[in-house]
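Mapping the sequence shown onto my numbering, position 536 (from 1) lands on 537, and the numbers just tick up by one. Every residue, glycine too, gets a C-beta built ideally from N, C-alpha and C. Quantities reported herein were computed from a predicted structural model and do not represent experimental measurements. To start, the structure under review is shown below, and the notes come after it.
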Amino acid sequence: MSTSKLDAVYRSILLTKFFTKGWGKPENLRRLFEFRKVVSNRDECFKLVEKDYPVTITKEQNLSDCRLLEGYFVTPMEKHLPGIVPEIAQKAHFQMLLPIHWQEQNCKPVCLHLAGTGDHYFWRRRNLMVKPLLKEGIGGIILENPFYGLRKPTDQVRSSLHNVSDIFVMGGCLILESLVLFHWCERNGLGPLGVTGLSMGGHMASLAATNWPKPLVLVPCLSWSTASAVFLQGVMAHSINWDLLESQYLSDGAYREKLSKMVTIVDEAFLAGKKFAQTYSQRMEAPNETTDQIIKNVIEPTYPLDITYKEKSLPHISEDVLSRKRKEVPIAMEAKKKFAQNENDKLKILLDENKIRQSLYDKLTSNEKFELESQDIEIINKLSEDSKREVLLKCKIDNKTFNSKIEPITTEIILEKSKVVNTKKIEAVPAIKDIEKPKTEKKSWNVTDLTSDLWVNLPFMKSSGKKIDIGKIHWRDREALQFMRGIMDECTHLSNFSIPYDTSLIIAVCAKHDAYVPREDVGALEEIWPGAEVRYVDAGHVSAYILHQSLFRSCIKEAFEKSKKKWTDGKHIE
């Protein structure tokens, strides 16, 4: 699916940079990884926040269209991980808007709204989401994110989190603070309850919903199953100083090894293996399934196969295999000869059309080493792309060429769309010739669809290994990027958390062309949370945020209507 160009342009004009001070203290990362194991388990996490957790109301006011409350409480995160939350962020501020008159006295729906990236203070969510929903009879709580607004450290600029660890501190705080507010709502006779958010707020809402042991409306908008793709594959990846992160990561080998063992990369292969393990375990534990049934499932799968099993005696099978192997050798040799002949025929056509000289043709079709003179190089440059490929496939660069000293630039060679300048005569040998075992191991690079050694030996194709251009490399290509993927998946991937109590109350809204939140190779929301509904808008991240606010609100209203059907006498019915 194509991504939105508007997303990329919008991100490029923003000044916000992330993780400008690096990873954060290694000890803090270790503590967060350990704490993740607790908050990812609903039964254990729910015990961390008391039902009567103290909440202070500082303001209560009746306005013309609603009832306004403001308050605060100390984040439970400080209690369980002392010193990890900055002092200014330890006090969780919130604002609450309730209808003056409830549509139903026994049903007082309230939705918690979590902030997206850059959403400081309360005004944006209050005007765009909460007030319009008040007209539908749904109250709203607006919680200030740690590191944002009233909770922003004095030395932090805008939304620029200083450390990678800060995003995990923020997530841990919001999970526990959401539980505080849900408990507080229940004590005050409010419900059914729900949680929502846009972009980062949508993902934080998803994490918060995993730890409430009762039916809970969840409407995550413009988010997905993990934050790893956002920072490694989305447009926000360009707002991170990867060179700083890599240098810090490589500075302490012993500690790096210890931390890396604590994280797991969650991709589609991991999820497939996890699903297989669960299914296999269930089969082995199933009391009614006999060994014969298991064998039948293996040899008679439900999906179609193009293989027919025929029982044969072992001698006949061995003979068939040997016979086939004998036939494969001459076939392979014949194919090799045919390929070489075809290449020579194509070169003969170029010669007949006077596109190459006889001397160049003789070099390319010979079995001897040869040098390309400056006239030969000029002729090759004038060929079409296809013809140029045919010529280049017939030769490979000799290693000695580039081990020698470089002479002054005199000759220009144009390969593909790049301009390459080289001064040495290119010594080449036929590519069809039997491959000799190289003296030194070469590093394999998938540079183009041409697999000739020419491409991997040209100096301009070799990486310096110093700078990280996130737009040109895959996250698996550098160890620091792998670690970032690992810790993001470890602490934010929804598959590492409990499944929400009632997934039928989940309506996720995603943008088809979202360049901020890529959805490839990270696990689908519907598979992680069976029963959840995912809807898509034909837009990018930015355009969806601007144009589809009404859709987000309508999904919240619809999810609460579902919840009301399960709500009687102030509580959910099973």
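Per DSSP, the beta bridge partners of A93 are F74. H494: not part of any alpha helix (DSSP H); DSSP gives it neither H nor E. About 5 Å separates the beta carbon of V111 from that of C186, a gap short enough to meet the 8 Å contact definition. An exposed status is given to W124, since fewer than 16 other beta-carbon atoms sit within 10 Å of its beta-carbon.
DSSP places K513 outside both helix and strand once states are collapsed to three, so it counts as coil. Q104 counts as exposed, since fewer than 16 other C-beta atoms from the protein chains shown sit within 10 angstroms of its C-beta.
Separation of D244 and R479 (C-alpha to C-alpha, rounded to the nearest whole angstrom) is 11 Å. As the crow flies, the alpha-carbon of M171 is around 23 Å from that of V510. The region 84-98 and the region 139-147 touch, with three or more beta-carbon pairs separated by less than 8 Å. Taking every protein chain shown into account, the CB of K364 has 16 or more other CB atoms within 10 angstroms, so this residue is buried. For secondary structure counted as the beta strand (DSSP E) over 3 or more consecutive residues, the region 519-548 holds these complete runs in sequence order: 534-538. Between D490 and T118 a beta carbon distance of about 19 Å is seen, past the 8 Å cut, so the two are scored as non-contacting. Around N345, the same chain offers T366 as residues with beta carbons nearer than 6 Å, after the five sequence neighbours per side are excluded. With respect to the C-alpha of L384, the residue from S360, L351, Y362 and Q359 having the closest C-alpha is L351.
For N63, the three-state secondary structure derived from DSSP is strand.
When secondary structure is reduced to three states using DSSP, V50 falls in the coil class, being assigned neither helix nor strand.
The alpha carbon of L115 has as its nearest neighbour, out of L233, S564 and M205, the alpha carbon of M205. Around A560, the same chain offers G195, V218, L219, V220, L506, I507 and I508 as residues with beta carbons nearer than 8 Å, after the five sequence neighbours per side are excluded.
Here H549 is buried, its C-beta having at least 16 other C-beta atoms within 10 Å.
In this structure L177 touches T76 by the C-beta definition: roughly 7 Å separates them, less than 8 Å. CA-to-CA, the gap between K38 and T493 works out to about 12 Å. In this structure, A90 places its C-beta atom within 8 Å of the C-beta atom of R152.
Counting along the chain, no beta strand (DSSP E) covers P87, and no H or E run does either. The C-beta distance from L7 to G541 rounds to 5 Å, short enough to fall under 8 Å. Here R68 carries a strand assignment [DSSP, helix/strand/coil]. Under the three-state reduction of DSSP output, V40 falls in the helix class. DSSP, reduced to helix, strand and coil, places L99 within a strand of the structure shown. In the structure shown, the three-state DSSP call for G254 is helix.
Inter-residue distance for S207 and N146 is about 15 Å (C-alpha atoms, whole angstroms). Here S564 is buried. Its C-beta has 16 or more other C-beta atoms within 10 Å.
With respect to Q249, G23 sits close: the two C-beta atoms are nearer than 8 Å. For Q376, the CB contacts under 8 Å within the same chain, skipping 5 residues up- and downstream, are R358 in chain order. Rounded to the nearest whole angstrom, the CA to CA distance from M130 to L199 is 10 Å.
Boundaries of the beta strand (DSSP E) around I142: G140 to L144. Pairing E527 with V535 gives a Cβ-Cβ distance under 8 Å.
Straight-line spacing of the CA atoms in P55 and A93 works out to 12 Å.
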